[in-house]
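Here is the structure we will look at, set down as structure tokens.
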Amino acid sequence: MEQKVIGFFQCIGWRSHPARGSLPPVKFEVALVVERSQSACRDFAEITENVKGHLGTPRTIVLRNGDMVWRTSLGTRSLEDIEAALYLEAVQSAVDYIELMNDELDMKTGDRIFDSANIHQKVVILHRCLSALLEPEVEAPELNSVLEAGAYFPFAYLQMRVEEEIAEEDEWSDEEEDLKYAYRRLLWKAFEGFVRPRWESAIEEYGAREEEADFSDHSTNLDLWEEIIDELADRIFWDRDWQVSSIAPQLLDGIEPEFSQITGLDEDYVTNRLPSVTKEEAAIALAEIRTWKLS
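Going by my numbering, 111 is the number at position 119 of the sequence shown; the sequence numbering is gapless.
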């Protein structure tokens, strides 16, 4: 899809982050580059307000009762209901795939360090992210590029699976619908709950998109499915900061203070460190993920 810059805005404020600490007030201009689509344009005002609101606020916040929850782009929260069910099932399916493929995974999060982690490290990181996102009483970790990539990994997994599912659709018979449309149907409730309403509200202002008119869980429109997965991920993530390690790998060797002041990215966040994990620790994490039940 073609991309374009649809807006700029200037911000003056504090950038802070539980892993990065507070930085001096800075003025900087942000370009919002998005796919040329109605859904992107209609979200511009909301996105800019969310980004402005994020300045000066950490991504994890201690509540008065002592609980700790994830600071998402939609506010301080843990995942619940449809969103929690989708995330949990995606993680559970992803760890089975990790175990099957071992170190030969096809999908990438964009963080070269997490993507290079071994199977045991990936499983433990996923368990830590799952705990922080689904259990409000669990202290959320201080975020760095590896942990955020781990939290994003289930969405990268869903994108890969939907792409495969569409490509291989003709290999299944009509009697095998449960397998033929498995991942598209997994996404369907979250799509209807969070994405379709945005599509419908945009029709009044921008008109209907032809490709949305007959969209169903049988659709083979990969662009729309990727857009849906991205929108669901955006409910959690402010940005894709962790991908900087692939875009500018030299930052793993050190970050200049001036760059850190402008971007809010520092050496505590952009990390080349992976956790030291034993097979026993990974086995426990894997078992807990597989038997996880939503409360």
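All C-beta atoms in this analysis are idealised placements derived from N, C-alpha and C, irrespective of residue type, glycine included. Keep in mind that this is a model prediction, so the values were computed, not measured.
State buried or exposed for residue i, treating a residue as buried only when at least 16 other CB atoms are found within 10 Å of its CB.
{"i": "I221", "result": "buried"}
{"i": "H119", "result": "buried"}
{"i": "E157", "result": "buried"}
{"i": "D258", "result": "buried"}
{"i": "I111", "result": "buried"}
{"i": "S208", "result": "exposed"}
{"i": "E75", "result": "buried"}
{"i": "R176", "result": "buried"}
{"i": "E219", "result": "buried"}
{"i": "A277", "result": "buried"}
{"i": "P50", "result": "Residue placement at P50 cannot be trusted, given a pLDDT of 38 that sits under 50; the coordinates are not used to answer."}
{"i": "A275", "result": "exposed"}
{"i": "A159", "result": "exposed"}
{"i": "A143", "result": "buried"}
{"i": "P241", "result": "exposed"}
{"i": "E38", "result": "Only weak support is given to the placement of E38: the predicted model assigns it a pLDDT of 43, under 50, and the value that follows is read from those uncertain coordinates. Exposed, by the Cβ-count rule."}
{"i": "A194", "result": "buried"}
Tell whether a beta-carbon distance below 8 angstroms holds between residue i and residue j.
{"i": "Q113", "j": "I281", "result": "no"}
{"i": "V154", "j": "W234", "result": "no"}
{"i": "L66", "j": "R227", "result": "yes"}
{"i": "L178", "j": "L286", "result": "no"}
{"i": "E161", "j": "T212", "result": "yes"}
{"i": "L214", "j": "A109", "result": "no"}
{"i": "K172", "j": "W180", "result": "no"}
{"i": "V269", "j": "S237", "result": "no"}
{"i": "E273", "j": "V116", "result": "yes"}
{"i": "M152", "j": "D98", "result": "yes"}
{"i": "L125", "j": "L92", "result": "no"}
{"i": "A82", "j": "F106", "result": "no"}
Which first and last residues belong to the alpha helix (DSSP H) in which residue i is found?
{"i": "Q151", "result": "137 to 159"}
{"i": "W180", "result": "174 to 182"}
{"i": "S193", "result": "188 to 198"}
{"i": "H112", "result": "111 to 126"}
{"i": "A225", "result": "214 to 226"}
{"i": "K271", "result": "271 to 282"}
{"i": "D107", "result": "104 to 108"}
{"i": "A238", "result": "Inspection of the sequence shows that residue 238 is occupied by Ser rather than by Ala. Run containing S238: 236 to 239, per the alpha helix (DSSP H) assignment."}
{"i": "E131", "result": "Per DSSP, E131 belongs to no alpha helix (DSSP H) and is neither H nor E."}
{"i": "E202", "result": "202 to 205"}
Examine the ligand FAD and report whether any of its heavy atoms sits within less than 7 angstroms of the Cβ of residue i.
{"i": "S238", "result": "The ligand FAD is absent from the structure shown, which contains no ligand whatsoever."}
Subject >> Touch test, the segment 142 to 157 against the segment 93 to 103, Cβ-Cβ under 8 angstroms, three pairs minimum >> reply: Yes: at least three Cβ pairs fall under 8 angstroms.
Original post:
For the 8 angstroms Cβ check, are there 3 or more pairs between the segment 181 to 198 and the segment 222 to 241?
Top reply: By the Cβ criterion, the segment 181 to 198 is in contact with the segment 222 to 241, since at least three pairs of Cβ atoms, one from each stretch, lie closer than 8 angstroms.
Original post:
Three or more beta-carbon pairs under 8 angstroms between the segment 199 to 217 and the segment 127 to 142, yes or no?
Top reply: No, the segment 199 to 217 does not touch the segment 127 to 142.
Original post:
So, do the segment 79 to 96 and the segment 265 to 283 have three or more beta carbon pairs nearer to each other than 8 angstroms?
Top reply: As far as the Cβ criterion goes, the segment 79 to 96 touches the segment 265 to 283, which means the pair count is three or higher.
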